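J.: Position 20 of the sequence shown, counting from 1, maps to 19 under numbering that gives the first Met the number 0, and the rest follow consecutively.
Where a beta carbon is used, it is the ideal one built from N, C-alpha and C, also for glycine.
Computed from a prediction, not measured in an experiment: that's the story for all the values here.
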Amino acid sequence: MHEISIENRKYNVIYKRHFMHLTFLFL
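1. With H, G and I counted as helix, E and B as strand and the rest as coil, what does DSSP make of L26?
2. In whole angstroms, give me the CA-to-CA distance for R8 and R16.
3. Just how far apart, CA to CA, sit S44 and L21?
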């Protein structure tokens, strides 16, 4: 369960980075 939490956090960071990149493209 702890490993899943770590993987989820890593995926969340990648998703946030991608979302910010899209936001900058729109700006």
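T.: On the basis of the data shown:
1. coil
2. Taking the straight line from one Cα to the other gives about 12 Å.
3. Absent from the structure is residue 44, since the part of the chain shown begins at 0 and ends at 26.
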